[in-house]
Amino acid sequence: MELVDVLMEGPLHNAEVLLCVQVGLLCVQQRPEDRPTMSWVVLMLDSENPILPHPKQPGFYTERFPVDTDSSSTGKRPATSNELTVTMLHAR
Numbered sequence: 001m002e003l004v005d006v007l008m009e010g011p012l013h014n015a016e017v018l019l020c021v022q023v024g025l026l027c028v029q030q031r032p033e034d035r036p037t038m039s040w041v042v043l044m045l046d047s048e049n050p051i052l053p054h055p056k057q058p059g060f061y062t063e064r065f066p067v068d069t070d071s072s073s074t075g076k077r078p079a080t081s082n083e084l085t086v087t088m089l090h091a092r
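full-length UniProt numbering numbers the first residue of the sequence shown as 1 and each following residue consecutively.
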């Protein structure tokens, strides 16, 4: 598992990481009513064996297509969309 430091790997730590990732995915659902409340998040993280719903597609998900490594491909590139809005606040 590439999400965990090598020193922390093990069955217990991997299960904790997977739980945190799944809870995190539940928290970024596109529709606010699909997201868990903070009390539910605390309950899920504090439970021994929580039964979690499967997360839906997150609101910021952008599908990417793998690059074809075949040399006969003609200009296929991954499809991505990157947008960023930055608001800078300055004191008067």
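Just so you know, even glycine gets a beta-carbon here, dropped at the ideal spot from N, CA and C.
Query raised in the report: Gln22 by DSSP, collapsed to three states: which one?
Result: Of the three classes helix, strand and coil, the one that applies to Gln22 here is helix, per DSSP.
Requested in this report: Given a cut-off of 8 Å, decide if Gln22 and Gly59 are closer than it, judged by their beta-carbon atoms.
Outcome: For Gly59 and Gln22, no; Cβs fall outside 8 Å.
Report task. Tell me whether the beta-carbon of Pro55 lies closer than 8 Å to the beta-carbon of Leu26. Result -> Yes, they are a contact pair.
**Report entry** Through-space distance from Leu45 to Asn14, alpha-carbon basis
**Finding:** Spanning the alpha carbons of Asn14 and Leu45 requires a straight line of approximately 14 Å.
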